[in-house]
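The sequence shown: position 29 = 31 (the working numbering), numbered continuously.
Even for Gly, the Cβ is constructed at its ideal location relative to N, Cα and C.
Please read all numbers here as calculations on a predicted model, not as lab measurements.
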Amino acid sequence: MRTAHLQSPAGFLAILELDNNRLLAESLGLDLSLTDNLELLKEINRRLLTLSKEVTGIIFDPIYTFDLMTEVQKNVAILRLEQDKENLEASLPLLFPNFSLEEISNNYALAKLELYYHPSESKAAEKKQLLAEIREYSQILKIDFLLKLKIFDPKQADQAFSLESDQLTAIQELRSLSDVLIIQNPPDPLAMATIISEVDVPCLVMADGQDNYEQFKEKFRMAMENGARGYCLGSVLWQEIANFRLEDQSFDLSGLERYLATTVRDRLIELNRIASESLDHLS
């Protein structure tokens, strides 16, 4: 983990998200005010960590998965800057008050921020300023900064929302403010190719909230064929996780282990093969 930059001998980046623990807990019906549920969540994340052999880097959070960083040695560790809370899209992201970029650097990790953004929103200038400050300090510390960019509809009566055009405008505005850009999958190949031509940093794709794995896989194939450089994924890989219950309705950790070792690992291998074949074709 002792590196300040994301590098991949395979030529593409594969990022595993272990930082969306509030949503994971909700999907499993876990009340995280209970100690037993916190321990169960940690055990589930420890099982998810067995997928580390198939990816380049892993995103942790400072609360629920921070302690697991010491259990991986060959992956780049990435820490989320934003709090794991339900943030309003039009608001500035809530950052962890006691976990700074310097502390991330001291833990030999990189930094990641998830940001909802729209070029015409009222907070656009403040969000750009926040990104500029994070980017400047991360460069001083010599650590990579990953921006996970989500375009949202500000619901302005005088302007129609278009993911394709609004995403392109947003990326043109923010393209110099991160080392790696994680984007929503554009609706068509031309849009993906246009976006890639606008930035000089690797573009990774994320899954949409409504995607299942098969849907994402086809979108990812299109993205890689048009210049993307990898993926940043979490729950879409293990979307059936809530089904693992014993007869008494307690969580089935053994069943989860088998599921991760077969279905989920196969999905990662398949995505990595798509990425590798796409890069070979482009070269």
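Proximity of proline 204 and arginine 177 at Cβ, strictly below 7 Å: Against a cut-off of 7 Å, the Cβ pair of arginine 177 and proline 204 comes out as no contact.
Just to confirm my understanding: we take threonine 52, look at its own chain, exclude 5 residues before and 5 after, and list those with CB closer than 8 Å. What are they? Excluding sequence neighbours, threonine 52 sits near Glu259, Leu262, Ala263.
To which residues does DSSP link alanine 12 through a beta bridge? Beta bridge pairing from DSSP links alanine 12 with no other residue.
Using CA coordinates, which residue listed in Lys114, Thr265, Ile145, Gln141 is at the minimum distance from leucine 151? Selected option, being the one with the closest Cα: Lys114.
Inter-stretch contact (C-beta, 8 Å, three-pair minimum) for the region 136-147 and the region 102-112: Touching, yes.
Quick one: grab the DSSP three-state call for glycine 31. Under the three-state reduction of DSSP output, glycine 31 falls in the coil class, being neither helix nor strand.
Less than 7 Å between CB atoms is the rule here; does isoleucine 153 satisfy it with respect to chain C? Chain labels in this structure do not include chain C; a single protein chain is all it has.
May I have the straight-line CA-CA distance separating leucine 171 from asparagine 39, to the nearest angstrom? The sequence given here has threonine at residue 171, not leucine. About 43 Å.
Look up arginine 269 in the DSSP assignment and say whether it is helix, strand or coil. It is helical.
When burial is assigned at 16 or more other CB atoms within 10 Å of the CB, is glutamate 116 buried or exposed? Buried, by the Cβ-count rule.
Decide yes or no for the touch test of the region 64-76 against the region 275-284: beta carbon pairs closer than 8 Å, at least 3 of them. Too few Cβ pairs lie closer than 8 Å, so no.
Judging by CA-CA distance, which residue of Asp168, Lys125, Ile271, Phe101 is the nearest neighbour of leucine 90? Of the candidates Asp168, Lys125, Ile271, Phe101, the residue whose Cα lies closest to the Cα of leucine 90 is Lys125.
Report buried or exposed for histidine 120, applying the criterion of at least 16 other Cβ atoms within 10 angstroms of its Cβ. A buried status is given to histidine 120, since no fewer than 16 other beta-carbon atoms sit within 10 Å of its beta-carbon.
Do proline 191 and asparagine 228 have their CB atoms nearer than 7 Å? The criterion of a C-beta distance shorter than 7 Å is satisfied by proline 191 and asparagine 228.
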